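In UniProt numbering, the protein residues as written are 1 to 275.
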(Lines of atoms letter the chains of each structure in order from A; the text may use other names.)
(Lines give C-alpha, C1' and ligand atoms only; values in the text may rest on other atoms or scores of the structure.)
Protein backbone atom coordinates (compact mmCIF):
# COMPACT_ATOMS: atom_id res chain seq x y z
CA UNK A 1 0.00 0.00 0.00
CA UNK A 2 1.19 3.49 -0.87
CA UNK A 3 -0.26 6.66 0.64
CA UNK A 4 -0.10 9.84 -1.42
CA UNK A 5 -0.92 13.38 -0.29
CA UNK A 6 -2.29 15.72 -2.96
CA UNK A 7 -2.70 19.48 -2.83
CA UNK A 8 -5.70 21.65 -3.63
CA UNK A 9 -7.78 20.36 -6.57
CA UNK A 10 -10.03 23.43 -6.83
CA UNK A 11 -12.04 21.96 -9.66
CA UNK A 12 -9.06 20.73 -11.71
CA UNK A 13 -10.61 17.35 -12.47
CA UNK A 14 -8.74 16.50 -15.65
CA UNK A 15 -5.41 17.04 -13.93
CA UNK A 16 -6.56 14.95 -10.95
CA UNK A 17 -7.43 12.02 -13.18
CA UNK A 18 -4.11 12.39 -15.04
CA UNK A 19 -2.19 12.47 -11.76
CA UNK A 20 -3.90 9.31 -10.50
CA UNK A 21 -2.92 7.59 -13.73
CA UNK A 22 0.64 8.90 -13.42
CA UNK A 23 1.11 7.45 -9.92
CA UNK A 24 -0.73 4.25 -10.96
CA UNK A 25 -3.16 4.72 -8.11
CA UNK A 26 -5.16 1.61 -7.22
CA UNK A 27 -8.03 2.29 -4.77
CA UNK A 28 -8.03 -1.37 -3.77
CA UNK A 29 -4.42 -1.06 -2.64
CA UNK A 30 -3.41 2.60 -2.17
CA UNK A 31 -4.79 5.59 -0.30
CA UNK A 32 -5.03 9.33 -0.91
CA UNK A 33 -4.81 12.19 1.55
CA UNK A 34 -6.30 15.32 0.00
CA UNK A 35 -5.45 18.72 1.49
CA UNK A 36 -8.91 20.22 0.98
CA UNK A 37 -10.30 22.85 -1.39
CA UNK A 38 -11.65 20.20 -3.70
CA UNK A 39 -13.84 22.86 -5.31
CA UNK A 40 -14.03 26.41 -6.64
CA UNK A 41 -12.22 28.66 -9.11
CA UNK A 42 -11.52 25.74 -11.45
CA UNK A 43 -13.81 24.48 -14.24
CA UNK A 44 -14.94 21.08 -12.90
CA UNK A 45 -15.76 21.36 -9.23
CA UNK A 46 -18.74 19.01 -9.50
CA UNK A 47 -16.63 16.32 -11.16
CA UNK A 48 -13.97 16.65 -8.45
CA UNK A 49 -16.51 16.16 -5.68
CA UNK A 50 -18.04 13.15 -7.38
CA UNK A 51 -14.64 11.61 -8.15
CA UNK A 52 -13.31 11.87 -4.61
CA UNK A 53 -16.56 10.71 -3.03
CA UNK A 54 -16.65 7.70 -5.36
CA UNK A 55 -13.21 6.62 -4.11
CA UNK A 56 -14.77 5.85 -0.74
CA UNK A 57 -12.37 4.85 2.02
CA UNK A 58 -9.42 5.05 -0.39
CA UNK A 59 -9.53 8.86 -0.23
CA UNK A 60 -9.41 10.97 2.91
CA UNK A 61 -9.92 14.70 2.42
CA UNK A 62 -9.82 17.48 4.98
CA UNK A 63 -12.01 20.54 4.66
CA UNK A 64 -10.57 23.66 3.09
CA UNK A 65 -11.87 27.22 3.12
CA UNK A 66 -13.43 26.86 -0.34
CA UNK A 67 -15.19 23.66 0.70
CA UNK A 68 -16.60 25.44 3.74
CA UNK A 69 -17.58 28.39 1.54
CA UNK A 70 -19.61 26.02 -0.63
CA UNK A 71 -21.40 24.69 2.46
CA UNK A 72 -22.02 28.23 3.71
CA UNK A 73 -23.54 29.24 0.35
CA UNK A 74 -25.65 26.10 0.01
CA UNK A 75 -26.79 25.78 3.62
CA UNK A 76 -25.86 28.92 5.53
CA UNK A 77 -27.18 31.82 3.50
CA UNK A 78 -23.79 33.08 2.32
CA UNK A 79 -23.53 34.69 -1.11
CA UNK A 80 -21.56 33.48 -4.09
CA UNK A 81 -18.50 35.54 -4.91
CA UNK A 82 -17.90 36.88 -8.40
CA UNK A 83 -15.11 34.37 -9.14
CA UNK A 84 -16.87 31.32 -7.69
CA UNK A 85 -17.45 28.31 -9.95
CA UNK A 86 -19.92 26.46 -7.75
CA UNK A 87 -23.11 26.77 -9.82
CA UNK A 88 -22.92 23.24 -11.25
CA UNK A 89 -22.78 21.74 -7.76
CA UNK A 90 -25.65 23.87 -6.49
CA UNK A 91 -27.78 22.79 -9.46
CA UNK A 92 -26.74 19.11 -9.49
CA UNK A 93 -29.39 16.40 -8.97
CA UNK A 94 -27.11 14.76 -6.38
CA UNK A 95 -26.40 18.09 -4.69
CA UNK A 96 -27.67 17.11 -1.23
CA UNK A 97 -25.81 13.81 -1.14
CA UNK A 98 -22.59 15.57 -2.14
CA UNK A 99 -23.09 18.33 0.43
CA UNK A 100 -23.85 15.78 3.16
CA UNK A 101 -20.65 13.93 2.29
CA UNK A 102 -18.60 17.14 2.22
CA UNK A 103 -19.99 18.38 5.52
CA UNK A 104 -18.90 15.13 7.17
CA UNK A 105 -15.24 15.54 6.15
CA UNK A 106 -12.70 16.15 8.96
CA UNK A 107 -10.59 19.26 9.48
CA UNK A 108 -7.53 17.23 10.46
CA UNK A 109 -6.11 13.77 9.84
CA UNK A 110 -3.10 12.16 11.51
CA UNK A 111 -1.27 8.87 11.32
CA UNK A 112 2.19 7.47 12.03
CA UNK A 113 4.25 6.16 9.14
CA UNK A 114 7.30 3.92 9.42
CA UNK A 115 10.46 5.98 9.15
CA UNK A 116 8.53 9.26 9.12
CA UNK A 117 6.90 9.34 12.55
CA UNK A 118 3.63 11.10 13.18
CA UNK A 119 2.16 12.90 10.18
CA UNK A 120 -0.68 15.42 10.46
CA UNK A 121 -2.55 17.18 7.67
CA UNK A 122 -4.84 20.20 7.74
CA UNK A 123 -5.73 22.55 4.92
CA UNK A 124 -3.79 25.62 6.12
CA UNK A 125 -1.42 24.51 8.87
CA UNK A 126 -1.11 24.37 12.63
CA UNK A 127 -0.37 26.93 15.34
CA UNK A 128 3.08 26.31 16.85
CA UNK A 129 1.61 26.23 20.36
CA UNK A 130 -0.91 23.48 19.52
CA UNK A 131 0.30 19.93 20.06
CA UNK A 132 -0.95 17.26 17.68
CA UNK A 133 -3.28 15.96 20.39
CA UNK A 134 -4.67 19.41 21.17
CA UNK A 135 -5.15 20.20 17.49
CA UNK A 136 -7.06 16.95 16.94
CA UNK A 137 -9.28 17.71 19.92
CA UNK A 138 -9.99 21.26 18.73
CA UNK A 139 -10.71 20.09 15.19
CA UNK A 140 -13.16 17.57 16.64
CA UNK A 141 -15.08 20.41 18.30
CA UNK A 142 -15.79 21.96 14.90
CA UNK A 143 -16.46 18.58 13.28
CA UNK A 144 -19.04 17.82 15.97
CA UNK A 145 -20.72 21.18 15.38
CA UNK A 146 -20.80 20.58 11.64
CA UNK A 147 -22.26 17.10 12.16
CA UNK A 148 -25.18 18.57 14.11
CA UNK A 149 -25.65 21.58 11.83
CA UNK A 150 -29.15 21.73 10.39
CA UNK A 151 -30.31 25.33 10.64
CA UNK A 152 -27.35 26.93 8.86
CA UNK A 153 -26.72 29.26 11.80
CA UNK A 154 -23.16 28.06 12.40
CA UNK A 155 -22.26 28.07 8.70
CA UNK A 156 -23.55 31.63 8.41
CA UNK A 157 -21.40 32.87 11.32
CA UNK A 158 -18.42 30.54 10.83
CA UNK A 159 -16.12 32.95 9.00
CA UNK A 160 -14.86 36.30 10.18
CA UNK A 161 -11.54 37.86 11.14
CA UNK A 162 -12.35 38.31 14.81
CA UNK A 163 -11.02 37.26 17.18
CA UNK A 164 -7.60 37.04 15.48
CA UNK A 165 -5.81 35.22 18.31
CA UNK A 166 -6.30 31.86 19.96
CA UNK A 167 -7.01 31.76 23.68
CA UNK A 168 -7.97 28.61 25.54
CA UNK A 169 -10.65 30.59 27.39
CA UNK A 170 -12.59 31.36 24.21
CA UNK A 171 -16.02 29.78 23.94
CA UNK A 172 -19.03 29.70 21.66
CA UNK A 173 -18.78 30.95 18.10
CA UNK A 174 -15.56 32.87 18.81
CA UNK A 175 -13.79 29.67 19.82
CA UNK A 176 -15.03 27.69 16.82
CA UNK A 177 -14.24 30.53 14.43
CA UNK A 178 -10.60 30.77 15.53
CA UNK A 179 -10.20 27.00 15.17
CA UNK A 180 -11.66 27.14 11.66
CA UNK A 181 -9.46 30.11 10.74
CA UNK A 182 -6.29 28.41 11.95
CA UNK A 183 -6.98 25.14 10.19
CA UNK A 184 -8.35 26.53 6.91
CA UNK A 185 -7.22 30.16 6.42
CA UNK A 186 -3.93 30.74 8.24
CA UNK A 187 -0.78 31.95 6.48
CA UNK A 188 1.07 34.58 8.49
CA UNK A 189 1.10 34.82 12.29
CA UNK A 190 2.97 36.91 14.84
CA UNK A 191 4.98 35.73 17.83
CA UNK A 192 1.80 35.53 19.92
CA UNK A 193 0.09 33.31 17.37
CA UNK A 194 -2.30 36.00 16.12
CA UNK A 195 -3.37 35.62 12.49
CA UNK A 196 -3.09 38.16 9.69
CA UNK A 197 -5.75 37.88 6.99
CA UNK A 198 -4.58 40.64 4.64
CA UNK A 199 -1.51 39.03 3.02
CA UNK A 200 -2.06 36.14 0.62
CA UNK A 201 0.99 36.17 -1.62
CA UNK A 202 4.49 34.74 -1.12
CA UNK A 203 6.85 35.02 1.81
CA UNK A 204 7.82 38.55 0.87
CA UNK A 205 4.29 39.79 1.49
CA UNK A 206 4.49 39.22 5.25
CA UNK A 207 3.27 42.26 7.22
CA UNK A 208 5.63 43.79 9.76
CA UNK A 209 5.93 41.57 12.81
CA UNK A 210 4.49 38.52 11.04
CA UNK A 211 6.02 35.39 9.53
CA UNK A 212 4.70 32.15 8.00
CA UNK A 213 3.27 29.87 10.68
CA UNK A 214 5.86 27.19 9.82
CA UNK A 215 8.75 29.56 10.59
CA UNK A 216 8.09 29.29 14.32
CA UNK A 217 9.51 26.33 16.29
CA UNK A 218 7.43 23.57 17.81
CA UNK A 219 8.02 21.36 20.82
CA UNK A 220 7.36 18.15 18.88
CA UNK A 221 8.67 16.66 15.65
CA UNK A 222 5.37 15.97 13.90
CA UNK A 223 5.40 16.19 10.10
CA UNK A 224 2.84 18.79 8.96
CA UNK A 225 1.18 18.61 5.54
CA UNK A 226 -0.80 21.59 4.25
CA UNK A 227 -2.24 23.11 1.09
CA UNK A 228 -3.97 26.50 0.80
CA UNK A 229 -0.92 28.60 -0.15
CA UNK A 230 -0.36 28.37 -3.90
CA UNK A 231 2.13 31.27 -3.89
CA UNK A 232 4.65 29.05 -2.07
CA UNK A 233 4.79 26.81 -5.15
CA UNK A 234 5.14 23.73 -2.95
CA UNK A 235 8.11 25.01 -0.92
CA UNK A 236 7.98 25.84 2.79
CA UNK A 237 11.19 27.89 2.73
CA UNK A 238 12.64 28.87 6.08
CA UNK A 239 10.58 26.27 7.92
CA UNK A 240 11.59 25.55 11.51
CA UNK A 241 9.34 22.48 11.56
CA UNK A 242 8.86 19.48 9.28
CA UNK A 243 6.38 21.12 6.92
CA UNK A 244 5.37 19.97 3.44
CA UNK A 245 3.55 22.47 1.21
CA UNK A 246 1.24 20.60 -1.16
CA UNK A 247 -0.57 23.35 -3.09
CA UNK A 248 1.36 23.91 -6.31
CA UNK A 249 -1.25 26.17 -7.89
CA UNK A 250 -2.95 23.91 -10.42
CA UNK A 251 -5.94 26.22 -10.76
CA UNK A 252 -3.58 29.16 -11.40
CA UNK A 253 -1.62 27.46 -14.15
CA UNK A 254 0.96 25.68 -12.00
CA UNK A 255 0.73 21.95 -11.43
CA UNK A 256 -1.02 19.31 -9.35
CA UNK A 257 1.34 17.40 -7.09
CA UNK A 258 1.24 14.08 -5.22
CA UNK A 259 3.64 13.43 -2.34
CA UNK A 260 4.54 9.81 -1.53
CA UNK A 261 4.30 9.85 2.27
CA UNK A 262 6.72 6.96 2.71
CA UNK A 263 9.52 8.04 0.37
CA UNK A 264 9.03 11.80 0.10
CA UNK A 265 8.97 11.59 -3.71
CA UNK A 266 6.90 14.26 -5.46
CA UNK A 267 5.11 13.57 -8.71
CA UNK A 268 3.32 16.30 -10.62
CA UNK A 269 1.29 16.96 -13.73
CA UNK A 270 1.07 20.37 -15.43
CA UNK A 271 -2.04 22.47 -15.19
CA UNK A 272 -4.38 22.72 -18.16
CA UNK A 273 -5.73 26.04 -16.93
CA UNK A 274 -4.93 29.26 -18.75
CA UNK A 275 -4.87 32.65 -17.04
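Note that beta-carbon positions come from the ideal geometry of N, C-alpha and C, so glycine has one too. A quick note: this is a predicted structure, and the numbers were derived from the prediction, not measured.
Item to check | In chain order, each alpha helix (DSSP H) run of at least 4 residues that lies wholly inside the stretch 7-74 | outcome: The stretch 7-74 is shown to contain whole alpha helix (DSSP H) runs of 4 or more residues at 13-22, 45-54, in chain order.
Checklist entry - Which of helix, strand or coil does DSSP assign to residue 197? => result Within the chain shown, numbered from 1, the residue matching residue 197 stands at position 197. In the displayed model, residue 197 falls within coil according to three-state DSSP, outside both helix and strand.
Item to check | Close Cβ partners of residue 227 (< 7 Å) along its chain, the five nearest in sequence each way excluded | outcome: Residue numbering aside, residue 227 sits at position 227 when the chain shown is read from its first letter. Excluding residues within five positions, the ones whose Cβ falls inside 7 Å are 7, 8, 35, 36, 37, 64, 123, 246, 247.
Next on the checklist: Which same chain residues end up closer than 7 Å to residue 80 when comparing Cβ atoms and leaving out the 5 residues on each side of it in sequence?
Outcome noted: Your numbering for residue 80 matches position 80 in the chain shown. Hits under 7 Å: 73, 86.
Item to check | Status (buried if at least 16 other CB within 10 Å, exposed otherwise) for residue 77 | outcome: Here residue 77 refers to the residue found at position 77 of the chain shown. The residue in question, residue 77, is exposed, as its Cβ has fewer than 16 Cβ neighbours within 10 Å.
Checklist entry - Near residue 253, what residues of its chain come up, given a Cβ to Cβ distance below 7 Å and the 5 sequence neighbours on each side ignored? => result Translated into positions along the chain shown, residue 253 becomes position 253. Excluding sequence neighbours, residue 253 sits near 271, 273, 274, 275.
Checklist entry - What is the DSSP secondary structure of residue 256, counted as helix, strand or coil? => result Against the chain shown, residue 256 aligns to sequence position 256. The answer is strand: DSSP assigns residue 256 an E or B state.
Item to check | Among 3, 185, 55, 189, nearest to residue 230 - alpha-carbon criterion | outcome: As a first step, residue 230 must be located in the chain shown, where it is residue number 230. Ranking the options by Cα distance to residue 230, first place goes to 185.
Next on the checklist: Considering just the uninterrupted stretch of the beta strand (DSSP E) at residue 109, what are its terminal residues?
Outcome noted: Your numbering for residue 109 matches position 109 in the chain shown. It spans 109-113 - the beta strand (DSSP E) in which residue 109 sits, taken as one unbroken run.
Checklist entry - Roughly how many angstroms separate the alpha carbons of residue 134 and residue 151, rounded to a whole number? => result Within the chain shown, residue 134 is the residue found at index 134, counting from 1. Within the chain shown, residue 151 is the residue found at index 151, counting from 1. Taking the straight line joining both Cα atoms gives about 28 Å.
Item to check | Three-state secondary structure (DSSP) of residue 150 | outcome: The sequence position of residue 150 within the chain shown is 150, counting from 1. Three-state DSSP puts residue 150 in coil, outside helix and strand.
Checklist entry - residue 214 and residue 224 look like a contact to me (Cβ under 8 Å); what is the Cβ gap, rounded to whole Å? => result By one-based count along the chain shown, residue 214 stands at place 214. By one-based count along the chain shown, residue 224 stands at place 224. Contact holds; Cβ gap of about 7 Å.
Item to check | Extent of the continuous beta strand (DSSP E) run through residue 223 | outcome: Here residue 223 refers to the residue found at position 223 when the chain shown is read from its first residue. DSSP places residue 223 inside the beta strand (DSSP E), whose first and last residues are 223-226.
Item to check | The alpha helix (DSSP H) enclosing residue 96, as first and last residue numbers | outcome: Numbered from 1 along the chain shown, position 96 holds the residue referred to as residue 96. Per DSSP, residue 96 belongs to the alpha helix (DSSP H) from 95-103.
Item to check | Buried or exposed (CB count within 10 angstroms, at least 16 for buried), residue 45 | outcome: Numbered from 1 along the chain shown, position 45 holds the residue referred to as residue 45. Residue environment analysis places residue 45 among the buried positions, since at least 16 neighbouring C-beta atoms fall within 10 angstroms of its C-beta.
Next on the checklist: Beta-carbon within less than 6 Å of residue 179's beta-carbon, same chain only, minus the 5 sequence neighbours each way: which residues are those?
Outcome noted: On the chain shown, residue 179 is found 179 positions in, with the first residue counted as 1. Cβ within range, chain order: 138, 142.
Checklist entry - Should residue 97 be labelled buried (16 or more other beta-carbon atoms within 10 Å of its own) or exposed? => result The residue you call residue 97 lines up with position 97 of the chain shown. Its Cβ having fewer than 16 others within 10 Å, residue 97 is exposed.
Next on the checklist: Suppose you measure from the CA of residue 28 to the CA of residue 260; what does that come to, to the nearest Å?
Outcome noted: Indexing the chain shown from 1 puts residue 28 at position 28. Indexing the chain shown from 1 puts residue 260 at position 260. If you take the alpha carbons of residue 28 and residue 260, they lie about 17 Å apart.
Next on the checklist: Considering just the uninterrupted stretch of the beta strand (DSSP E) at residue 272, what are its terminal residues?
Outcome noted: Locating residue 272 in the chain shown gives position 272, where the first residue counts as 1. Membership of residue 272 in any beta strand (DSSP E) is not indicated, and neither H nor E is assigned to it by DSSP.
Item to check | residue 175 versus residue 166 - alpha carbon distance | outcome: Position 175 of the chain shown, counted from the first residue, corresponds to residue 175. Position 166 of the chain shown, counted from the first residue, corresponds to residue 166. Annotation: residue 175 to residue 166 spans about 8 Å, alpha carbon to alpha carbon.
Item to check | Residue range of the beta strand (DSSP E) that includes residue 242 | outcome: The sequence position of residue 242 within the chain shown is 242, counting from 1. Residue 242 -> beta strand (DSSP E) spans 242-245.
Item to check | Other residues of its chain near residue 163: CB distance less than 8 Å, five sequence neighbours each side excluded | outcome: Taking the first residue of the chain shown as position 1, residue 163 is located at position 163. The answer, listed in chain order, is 170, 174, 177, 178.
Next on the checklist: Classify residue 244: buried if its beta carbon has 16 or more other beta carbons within 10 angstroms, exposed otherwise.
Outcome noted: Locating residue 244 in the chain shown gives position 244, counting from the first residue. So residue 244 ends up on the buried side.
Next on the checklist: Looking at residue 32: is its Cβ nearer than 7 Å to the Cβ of residue 59?
Outcome noted: As a position in the chain shown, residue 32 is number 32, starting the count at 1. As a position in the chain shown, residue 59 is number 59, starting the count at 1. Going by C-beta atoms, residue 32 is nearer than 7 Å to residue 59.
Checklist entry - Going by the beta-carbon positions, is the gap between residue 107 and residue 183 smaller than 7 Å? => result As a position in the chain shown, residue 107 is number 107, starting the count at 1. As a position in the chain shown, residue 183 is number 183, starting the count at 1. Contact flag set, yes.
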